[in-house]
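In terms of the numbering used here, the sequence shown opens at residue 184 and continues consecutively. First the structure, in the form of C-alpha cells, and then the observations on it.
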Amino acid sequence: MKRIGILTGGGDAPGLNAVIRAAVKTAINDYGCEVFGIRNGYDGFLEDDGIIPLGLNEVRGILPRGGTVLGAANRGNPYARKVIRDGKEVTIDVSDEIVKGIKKLKMDALLVVGGDGTLHIAHQLAQKGVPVIGLPKTIDNDIGGTEVTFGFDTALNIATDALDRLHTTAESHHRAMVLELMGRDAGFIALQAGVSGGADVILIPEIPFKFESVMNKIRARAEKGSKFSLLAVSEGAKPLGGVQVFSRKGDEVYVPRLGGIGHIVAEYIEGEGFESRVTVLGHLQRGGTPTAFDRMLATRYGAAAVRLAARGGFDRMVALRCGEIVDLPLEEATAVPKRVRPESDAVITARNIGISFGD
Ligand code: F6P
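This is the structure:
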C-alpha cells in the first residue's frame with residue numbers, strides 16, 4: 184500500500200478532523216504511505232484543485248476542531264450531479280469520471296467518511312473496482328452496521344445543555360418550552376437528550392404521537408403544581424395518522440429538508456391555553472469541538488480503516504460492536520438504517536420515570 188485518499192462526504196459532524204488526523208498519522212507512521220485529501224466529498228475528484236497532499240504538518244492541531252479541513256458536500260452524489268448543458272439544468276451520472284480520477288492518482292485505497300448516502304455511493308463505486316473503505320459518521324446515529332457513529336455524542340451533549348438552559352427559563356415563566364432537534368428519521372438525539380435533560384415529553388419519528396396525549400401530560404403537570412413543561416421533539420416526529428413536516432422539498436440531488444414540527448406542536452399547546460415557545464437547535468448540534476468520546480471513536484475508526492486497507496479489506500466499513508472496532512461489508516452495514524426501537528430499554532426507562540411519548 185503506497186497511496187491512500189480520504190474524503191468526508193454528507194453533512195459535517197464533530198470528529199471529522201480527528202478521523203482525518205488518525206488516518207493520516209497511521210498511514211504515514213506505520214505504513215509509510217502517501218496520503219491525499221479529496222476536498223468537498225466526491226466533488227474533489229471533479230475539481231481542478233480538489234486533491235491535496237495530506238502530511239503530518241497538515242493535520243497538526245486539528246484534533247479539537249469542529250467541521251472538516253477537507254470540506255464536505257451533502258449534494259455531492261456523482262450518480263446525480265446537476266450541471267448546466269445548453270443553458271438548461273440537467274442531472275447527469277459522473278461516477279465514471281470519479282473512477283478514472285482514482286485510477287489516475289494510483290490510489291491503493293480510498294477512505295470514505297460519511298453517513299448513509301455517502302457510504303451507499305462508496306459501495307456503488309466499489310462495484311466499479313474502486314478500493315473503498317467506509318467510516319461511519321453522523322450526528323443522527325442511524326447507520327445500521329454500527330452501534331455508534333462519531334458526532335452523535337457531541338450533538339447529544341449540545342442538545343442536553345440546551346434542555347438544561349430551557350428548563351430554568353421555562354420554570355420562571357411557567358411555559359411549555361419546545362426544543363426541535365435534528366436526527367432525520369431516527370429519534371436518538373431527542374430520546375437520549377430528552378432523558379438526560381429532564382424532558383417531560385419526547386416526540387420521535389418511531390413513535391407517532393397524539394396532540395391530546397401531549398396535552399394530557401402538560402395538564403397533569405400543571406394540576407400537580409408544575410406549570411411548566413419541557414418537550415424534546417425530533418424534526419422527524421409526526422402525529423399518528425399524519426405526515427412529517429418539511430421546510431424544503433427533495434429531488435434527485437437534494438434530500439428533503441425536515442423542519443417545522445416544533446412550531447406546530449407549540450401552536451397546538453398555545454391553542455389549548457398554555458403559553459409556549461419554540462427553539463430550533465439546528466446546526467448548533469453539528470458545530471464546534473467534539474467531545475472526548477467522539478474524538479476517541481473517530482481516532483479509532485481512522486486508524487482501523489488504514490489497518491483494514493493494508494489487509495485489502497475493501498468494500499467494507501469499520502464499526503463499533505460491543506466496545507470493539509470490527510469491520511463488515513458496506514452493503515450489509517447500510518442495508519437497514521438504525522432506528523429507535525419503541526420496545527428498547529431506553530424508551531421503557533423514559534416511560535418508567537414518567538416521560539410521555541405522546542402516544
Ligand atoms: O444527517 C445530519 C443532519 O444534520 C440531519 O440531522 C438533518 O436533518 C440534516 O443533516 C440537515 O442537513 P443540512 O445541513 O443540509 O441542513
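Backbone N, C-alpha and C define an ideal beta-carbon position, used for all residues, glycine too.
| Check | Outcome |
| --- | --- |
| Assigned exposure category for Lys289 - 16 Cβ within 10 Å defines buried | exposed |
| Inter-residue Cα distance where the pair is Ala415 and Leu246 | 31 Å |
| Nearest residue (CA-CA) to Gly297, options Asp323, Glu272 and Lys287 | Asp323 |
| Reduced DSSP secondary structure (H/G/I, E/B, other) of Phe394 | helix |
| Spatial distance of Ala529 from Ser417 (CA atoms) | 16 Å |
| Ile390 versus Gly419, Val266 and Ala449, residue with shortest Cα-Cα distance | Gly419 |
| Leu491 (DSSP reduced to helix, strand or coil) | helix |
| Ile539 versus Gly485 - alpha carbon distance | Per the sequence shown, the amino acid found at residue 539 is Ser instead of Ile. Those two C-alpha atoms are separated by around 39 Å. |
| Assigned exposure category for Arg469 - 16 Cβ within 10 Å defines buried | buried |
| Local Cβ density within 10 Å of Lys432, reported as buried at 16 or more and exposed below that | exposed |
| Alpha helix (DSSP H) runs contained entirely in the stretch 320-382, provided each spans 4 or more residues | 335-356 and 371-379 |
| Alpha-carbon to alpha-carbon, Ile341 and Lys320 | 17 Å |
| Asp231 beta carbon near the ligand F6P (any heavy atom closer than 7 Å) | no |
| Gly470 CB to nearest heavy atom of the ligand F6P below 7 Å | no |
| Between the CA atoms of Gln427 and Ile444 - distance to the nearest angstrom | 8 Å |
| Where Met479 sits in the DSSP three-state scheme | helix |
| Buried or exposed (CB count within 10 angstroms, at least 16 for buried), Ser430 | exposed |
| Leu293 beta carbon near the ligand F6P (any heavy atom closer than 7 Å) | no |
| Euclidean distance between Cα positions of Leu423 and Asp542 | 8 Å |
| Neighbourhood of Phe219 by C-beta distance below 8 Å, restricted to the same chain and skipping five residues each side | Arg186, Ile187, Gly188, Ile189, Ile234, Ile235, Pro236, Leu237, Leu288 and Met290 |
| Any 3 or more C-beta pairs closer than 8 Å across the stretch 397-417 and the stretch 357-369 | yes |
| Identified DSSP bridge partners for Pro512 | Arg499 |
| The stretch 342-356 contacting the stretch 498-508, beta-carbon criterion three pairs below 8 Å | no |
| For Glu453, the first and last residue of its enclosing alpha helix (DSSP H) | Ile444 to Gly454 |
| heavy atom of the ligand F6P below 7 Å from Thr301 C-beta | no |
| Residue(s) in a DSSP beta bridge with Thr274 | Lys265 |
| Classification of Thr274 by the beta-carbon crowding that lies within 10 angstroms, buried from 16 upward | exposed |
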